[in-house]
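When you line the sequence shown up against this note's numbering, it's residues 665 to 1015, in that order. Yeah, the Cβ is synthetic: ideal placement off N, Cα and C, and Gly gets one too. Structure first, commentary second.
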Amino acid sequence: MKRRILITGGAGFIGSHVVRRFVKNYPAYKIVNLDKLTYAGNLENLSEVEGSPNYSFVKGDVLDGAFVKSVMVNEGIDSIIHLAAESHVDRSLETPADFAVTNVVGTLTLLHSAREVWKSALDGKLFYHISTDEVYGSLGATGLFTEESPMDPRSPYSASKAGSDHFVSAFSHSYGFPAIISRCSNNYGPNHFPEKLIPLMIHNIIQGKPLPVYGKGENVRDWLYVEDHASAIDTIFHSGRPGEVYNIGGNNEWKNIDLVHLLCQVMDQKMKRTPGTAEQLITFVKDRPGHDLRYAIDSSKLKRELGWSPSVDFPTGLKKTVNWYFDNKEWLEHVTSGAYRQYYDRMYSNR
Ligand code: NAD
Ligand code: TYD
């Protein structure tokens, strides 16, 4: 079956991997990428697929229901993969209302728009919402989040994602709206904006700047290579059951401080320097307020029901990531200098 898919947030980190994967692997599909191009959205992430006949980009805001509906009608959209969001916990602590607006109201607006456009027939339609393990809150030293774990969000970011998940579930239950949710652990890989832990550390090591480790670096995250997340999204999109939630994870827990040490070793190797050089930059800084101690996800449902498992082990993924940042110094320079923002403001000043 041919699909006509609206991907929101396709110019961001994970979204750009999903767009590239679908455009390349499914030439018979039409992929429409709708993105507002906030500071985190970068069309340089998509240069590989820019001219592809089965791909188009529209600059737009998920909060603009009338515009979303016009795109859906004009493009004959039958499926949505919704990634657009404000995604950084530290920013959510500064401007929590922005997260409620984009993540909660934005998702609700998109749901409502899709329901209106699809009202004559829901058959063959799908709204796939990309969420996060952070909605489950924080774990102690043991245990894993399952799909049945209660939601217990503890940062404004995770609260806003939990709010969006509730609206997606409410549409499923209230209207029989065909929706799926997946909740993934921390991603890493190429195109990651250098405000998140791994790309920030890579950038700072290159620059010889301090590596800020929050608190004692004891917090634990479960890291998944971004292309594995994109492959899980592909599997769930094609084979997942509407009304279901699927956890996605890497079985790959790391204490932040251990991860930073490993990354320093990889960077020293890459930069052909004496081992231990990058580690000298590690600086313990004031902890993040309300810092979730540990995330770890049980993705056995996804493996059991749909046969998905991750394919990239952490040392390999980390090396691939480091190599990508070295091969794409210009990308890093552009996103850190803000030059690309000025370019977009000029290019798209009409919206
Ligand atoms: P990102 O911040 O890199 O990208 C977000 C994208 O959304 C950007 O391109 C931005 O321009 C766009 N956007 C923001 N507001 C918009 C709006 N109002 N209308 C249209 N577009 C808008 O985020 P990411 O890390 O790629 O995360 C993508 C999704 O995956 C998010 O929903 C996030 O919650 C979820 N997620 C992320 C991780 C992770 O580790 N990064 C893990 C699990 C789930
Ligand atoms: P981050 O990449 O922001 O993802 P999240 O908060 O969504 O898990 O942070 C990952 C972990 O790294 C988290 O425990 C906070 C920590 N951290 C630092 O220690 N220093 C930093 O500069 C950043 C950005 C994060």
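Problem - Contact test: Lys860 Cβ vs the ligand TYD heavy atom, cutoff 7 angstroms - result: Under cutoff, so the answer is yes.
Exercise for the section: Establish whether the CB of Ser734 and some CB of chain B are separated by less than 8 angstroms. Expected result: The structure shown has no chain B; it contains just one protein chain.
Exercise for the section: With Ser846 as the anchor, note down where its beta strand (DSSP E) starts and where it stops. Expected result: Run containing Ser846: Ala843 to Cys848, per the beta strand (DSSP E) assignment.
Practice task
Kindly indicate which residue of Ser964, Thr672 and Val713 has the alpha-carbon position closest to the one of Tyr690.
Solution key: Ranking Ser964, Thr672 and Val713 by Cα distance to Tyr690 puts Val713 first.
Practice task
Between the Cα of Val976 and those of Thr985, Met931 and Arg968, spot the shortest distance and give me the residue it belongs to.
Solution key: Taking only the C-alpha atoms, the option nearest Val976 is Thr985.
Exercise for the section: Tell me, please, whether the segment 812–831 touches the segment 768–783 by the rule of three or more beta-carbon pairs shorter than 8 angstroms. Expected result: These segments touch.
Exercise for the section: Express the C-alpha separation of His746 and Val930 in angstroms, rounding to a whole number. Expected result: Distance between the alpha carbons of Val930 and His746 is about 34 angstroms.
Problem - Glu811 vs Asn911 beta-carbon contact at 8 angstroms - result: Yes. Within cutoff.
Handout entry: Three or more C-beta pairs below 8 angstroms linking the segment 936–955 and the segment 894–902
Key = Note that the segment 936–955 does not touch the segment 894–902; fewer than 3 beta-carbon pairs, one per stretch, sit closer than 8 angstroms.
Problem - Own chain, CB closer than 6 angstroms to Arg1015, minus 5 neighbours either side, in chain order - result: Any reading at Arg1015 is ruled out, since the residue's pLDDT is 49, under 50, leaving its predicted position unreliable.
Handout entry: Asp699: CB within 7 angstroms of a non-hydrogen atom of the ligand NAD
Key = Asp699: yes, Cβ under 7 angstroms from the ligand NAD.
Handout entry: Cβ pair Gly840, Leu775 closer than 8 angstroms
Key = Not a contact, by the Cβ cut-off of 8 angstroms.
Problem - Boundaries of the beta strand (DSSP E) in which Pro876 is found, first to last residue - result: Where Pro876 is concerned, the enclosing beta strand (DSSP E) stretches over Leu875 to Tyr878.
Exercise for the section: Could you name the residues that DSSP lists as bridge partners for His746? Expected result: Beta-bridge pairing links His746 to Thr672 and His793.
Problem - Extent of the continuous beta strand (DSSP E) to which Glu714 belongs - result: No beta strand (DSSP E) holds Glu714; DSSP gives it neither H nor E.
Exercise for the section: In angstroms with no decimal places, state the Cα-to-Cα distance between Leu701 and Tyr1008. Expected result: Between the C-alpha atoms of Leu701 and Tyr1008 there is a straight-line separation of about 8 angstroms.
Exercise for the section: Could you name the residues that DSSP lists as bridge partners for Asn911? Expected result: Answer is Arg847.
Exercise for the section: Rounded to whole angstroms, what's the CA-CA distance from Tyr719 to His681? Just pull it up for me. Expected result: Their backbone Cα atoms lie some 14 angstroms apart in a straight line.
Handout entry: Cβ shell of Ile946 (< 7 angstroms), same chain only, five flanking positions each side left out
Key = These residues qualify, in order along the chain: Leu875, Val877 and Val924.
Practice task
Closer than 6 angstroms by C-beta to Asn1016: which residues in its own chain qualify, once you throw out the five before and the five after it? Chain order, please.
Solution key: Any answer about residue 1016 is impossible in this case: the structure gives the chain only from 665 up to 1015.
Exercise for the section: Examine the ligand NAD and report whether any of its heavy atoms sits within less than 7 angstroms of the Cβ of Phe857. Expected result: Taking 7 angstroms as the cut-off, one finds at least one heavy atom of the ligand NAD near enough to the beta carbon of Phe857.
Exercise for the section: Would you tell me roughly how many angstroms separate the C-alpha atoms of Val696 and Ile671, rounded to the nearest one? Expected result: About 6 angstroms.
Problem - Candidates Phe901, Gly913 and Ser849: closest to Arg667 by CA position - result: Of the listed residues, the one whose Cα sits closest to Arg667 is Phe901.
Practice task
Taking 8 angstroms as the cut-off, decide whether the C-beta atoms of Val799 and Arg847 are in contact.
Solution key: In this structure, Arg847 lies closer than 8 angstroms to Val799 by Cβ.
Handout entry: Expected contact under 8 angstroms - CB spacing of Ser756 and Tyr821 to nearest Å
Key = With a Cβ gap of about 4 angstroms, Ser756 and Tyr821 count as contacting.
Problem - From Gln933, Thr899 and Asp762, residue whose alpha carbon lies closest to that of Lys967 - result: Taking each of Gln933, Thr899 and Asp762 in turn and checking the Cα distance to Lys967, the smallest one comes out for Thr899.
Exercise for the section: Rounded to whole angstroms, what's the CA-CA distance from Asn850 to Arg885? Just pull it up for me. Expected result: So the alpha carbons of these two residues sit roughly 7 angstroms apart.
Exercise for the section: Please find out if some non-hydrogen atom of the ligand NAD comes closer than 7 angstroms to the beta-carbon of Phe677. Expected result: Within the cutoff, so yes.
Exercise for the section: Tell me, please, which residues DSSP counts as bridged to Arg958. Expected result: DSSP, once it has assigned bridges, lists Leu803 and Val884 as partnering Arg958.
Exercise for the section: Excluding the 5 residues preceding and the 5 following Asp742 in the sequence, name in chain order all residues of the same chain whose CB lies nearer than 7 angstroms to its CB. Expected result: Non-local beta-carbon contacts of Asp742 in its own chain, meaning distances under 7 angstroms to residues more than five positions away in sequence, involve Arg667, Arg668, Gly788 and Lys789 in chain order.
Problem - Gly881 CB to nearest heavy atom of the ligand NAD below 7 angstroms - result: No - the ligand NAD has no heavy atom lying nearer than 7 angstroms to the Cβ of Gly881.
Practice task
Say yes only if the C-beta of Ala748 is nearer than 7 angstroms to one or more non-hydrogen atoms of the ligand NAD, and no if none qualify.
Solution key: Ala748 has its Cβ nearer than 7 angstroms to a heavy atom of the ligand NAD.
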